[in-house]
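Mapping to this note's numbering: the sequence shown position 64 is 74, numbers consecutive. Beta carbons are placed, not taken as given, at the ideal position from N, Cα and C, and that holds for glycine. As the structure is a computational prediction, the values presented were derived from the model and not from experiment.
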Amino acid sequence: MIERLRIAIQKKGRLADESFAVLRKAGLRFAIRGDGLLARVTNLPIDLLLVRDDDIPNFIAKGVADIGIVGENVFAEELNLAENLDAEIVRRLGFSRCRLCLAADPDGPVRSIGDLSKTMIATSYPGILGAYLAAQKIDATPVEMKGAVELAPRIGIAPSICDLVSSGATLEANGLEVFETIMESEAVLIRSSQPLSASKNQMFTRLLSRIDGVIRSKETKYIMLNAPKSAIAAISKILPGSDAPTIIPLAGEGDLVAMQAVCTEAVFWETLEDLKATGARSILVLPIEKMMS
Ligand code: PRT
Ligand code: ZN
């Protein structure tokens, strides 16, 4: 019997949509219905376990799920709290990016890490913060709050906070400013540190290679343009992260060629402006849907 690989992902929240999207782009077909905890993938031996993000690292460590997608911040927190967490990061997925920061009222008593000694710091991440304070030899005490951490200074719980920041709007609305970044975070694919059974491992290896393709094809673009032969060298230098471009003569245009290349790094408007300045014309940037090497 083929065992089904079990993937734990967030049911609802900031990670959910992109986690579903990565798996769908990797070719998994499934439907999410109502309150179900389990979604069956119909075209591969895989089941999705739909849970709260905080439960994912432990589910994997305990063998309830084989792999999962979670914020690196949540994984690091569990790693700091548990004595031994049987789970590890396999890939960084590049979405749900945020920073875990120390912040305070710039007119208050704490303005830098030098002012933290003998103070309380409100946070939902006592594990990561505790490890940071110990490493920096700062004698401050984390006060755990499950939510609304940004309110702590105003109601006198602690003069500073340690919380996730993405746009910075929440801090600004509460009159707080970042004075230190403790960690940068993004969604990560994690797996159990225990070996998987042969059939699960085969599915996992296949899925990982597809996820790698999804990650790479996100930034990768196909560029097509026309250019005078004299500009070929200059254009080749500008094309970001491409191997030797394909060069095709244009019918009836003695001096003009068509150039095509796969670019593995981001193509910005500035890149197109630079290409145009060398003499390139009719520049097209096309998305790449799937890649496998
Ligand atoms: O219900 P469940 O437990 O599954 O979800 P949750 O409510 O615990 O988590 P959720 O869905 O809010 O976040 C899931 C993950 O998204 C986090 O663990 C992070 O890895 C990532 N992420 C990315 C964020 C943010 N950006 C973020 N901005 N998580 C939380 N925030 C919060 C932050 O705590 C603060 O309250 O948003 C506010 C700040 O946002 P800005 O844009 O105002 O700076
Ligand atoms: Zn959560």
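Where residue i falls, given that 16 or more other Cβ within 10 Å makes a residue buried
i	result
F214	buried
D45	exposed
Q204	exposed
Q146	exposed
P119	exposed
S176	exposed
E88	buried
T230	buried
D253	exposed
A144	exposed
D149	exposed
I165	exposed
A168	buried
F278	exposed
P116	exposed
A290	buried
P255	buried
R16	buried
L122	The sequence as given places Ser at residue 122; Leu does not occur at that position. Burial call: exposed.
L260	exposed
S127	exposed
L186	buried
S292	exposed
L217	buried
L294	exposed
L47	exposed
I258	exposed
I42	exposed
Proximity below 7 Å, CB of residue i to CB of residue j
i	j	result
V188	A113	yes
D76	S209	no
I131	I200	no
L110	D63	no
L60	K35	no
P163	T133	no
I70	A92	no
L38	A49	no
E13	S195	no
V159	E82	no
I79	I19	yes
D265	K239	yes
C273	P250	yes
D284	I242	no
V32	F40	no
L161	C108	no
N211	A141	no
T288	A244	yes
R226	M302	no
E154	F105	no
Short CB-CB distance (under 7 Å) between residue i and chain B
i	result
E87	Chain labels in this structure do not include chain B; a single protein chain is all it has.
For residue i, the residue or residues it bridges with in DSSP
i	result
Y232	V272, L296
A113	I171, V188
T256	Q270
M193	L110
L60	I19
A49	L58
V153	A132
S29	Answer is none; S29 lacks a bridge partner.
A237	V267
L285	Paired residue(s): none; L285 is not in a bridge.
L199	I79, R101
R291	N236
Any non-hydrogen atom of the ligand SAM closer than 6 Å to residue i Cβ
i	result
R24	Summarising the ligand content, the structure contains the ligand PRT and the ligand ZN and does not contain the ligand SAM.
- Item | Given 8 Å, three or more beta-carbon pairs between the stretch 134 to 148 and the stretch 218 to 238 | no
- Which residues, in chain order, sit with a beta-carbon under 6 Å away from any heavy atom of the ligand ZN? R62, D63, D64
- Item | Touch test, the stretch 263 to 275 against the stretch 235 to 252, Cβ-Cβ under 8 Å, three pairs minimum | yes
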